[in-house]
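First up is the structure itself, then whatever we jot down about it.
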């Protein structure tokens, strides 16, 4: 009898866990625009796209983002890989603090590697969390004379 009750309880717990995990998206796509300000130097604007997934729930999210920046001197293409720690601020707002490598290539020029720090705010106005929007300020460092501040904003699309 204890075995039957144990199996029933274990089955109920596993099915409840599976239902809870179904609500977690497989990935989140970010589509938006970014403004970049180099220190010293001017600014540039461009579209941005990224994808984010969660290998360790409540502990680690990984984001890969890329996009061109136009304006000022030569146009650039930037790509980053951020490792983020998520924090739930409310039922509809998340903050993810992340750090990771960044690669930037100048059209018709060279490329450079650096490190990027980001604070990613995600806003989910609807309870099903299929769509939302993000605001992501970040700071990049690729040497004493190559620092920049970037602010990205755009749409979040959860892929289930």
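In our numbering, the protein residues as written are 217 to 376. The C-beta atom is built at its ideal place from N, Cα and C for all residues, glycine as well. Every value quoted in this text rests on a predicted model; they were computed, and no experiment measured them.
Quiz item: Going by other Cβ atoms of all chains shown within 10 Å of its Cβ, with 16 needed for buried, is residue 345 buried or exposed?
Solution: Along the chain shown, one-based indexing puts residue 345 at 129. Around the CB of residue 345, 16 or more other CB atoms lie within 10 Å, so the residue is classed as buried.
Quiz item: What residue range is occupied by the uninterrupted beta strand (DSSP E) comprising residue 316?
Solution: Numbered from its first residue, the chain shown carries residue 316 at position 100. Where residue 316 is concerned, the enclosing beta strand (DSSP E) stretches over 309 to 322.
Quiz prompt | Residues that DSSP places opposite residue 301 in a beta bridge | solution = Counted from its first residue, the chain shown places residue 301 at position 85. Paired residue(s): 313.
Quiz prompt | Collapsed DSSP secondary structure at residue 254 in the structure displayed | solution = Counted from its first residue, the chain shown places residue 254 at position 38. Strand, per DSSP.
Quiz prompt | DSSP state of residue 294 mapped onto helix, strand, coil | solution = Within the chain shown, numbered from 1, the residue matching residue 294 stands at position 78. It is a strand residue.
Quiz item: Going by C-alpha distance, which of 294, 286, 278 is nearest residue 301?
Solution: Counting from 1 along the chain shown, the entry for residue 301 is found at position 85. Ranking the options by Cα distance to residue 301, first place goes to 278.
Quiz item: So, is residue 237 buried or exposed, given that buried needs 16 or more other C-beta atoms within 10 angstroms?
Solution: Translated into the one-based positions of the chain shown, residue 237 becomes position 21. Note on residue 237: pLDDT 47, under 50, position unreliable in the model; the coordinate value appears next. So residue 237 counts as exposed.
Practice problem: Report the rounded CA-to-CA distance for residue 306 versus residue 323, giving the unit in angstroms. | Solution: On the chain shown, position 90 is the one that residue 306 refers to. On the chain shown, position 107 is the one that residue 323 refers to. Near 42 Å, if we compare the C-alpha coordinates of residue 323 and residue 306.
Practice problem: Could you work out which residue in 314, 367, 328, 332 is closest to residue 268 when comparing CA atoms only? | Solution: Mapped onto the chain shown, residue 268 falls at position 52. Here the closest residue by C-alpha is 314.
Quiz item: Since residue 303 and residue 310 are thought to touch, with beta carbons under 8 Å apart, how far apart are those beta carbons, to the nearest angstrom?
Solution: If you number the chain shown from 1, residue 303 lands on position 87. If you number the chain shown from 1, residue 310 lands on position 94. Residue 303 to residue 310, Cβ: 7 Å. Contact.
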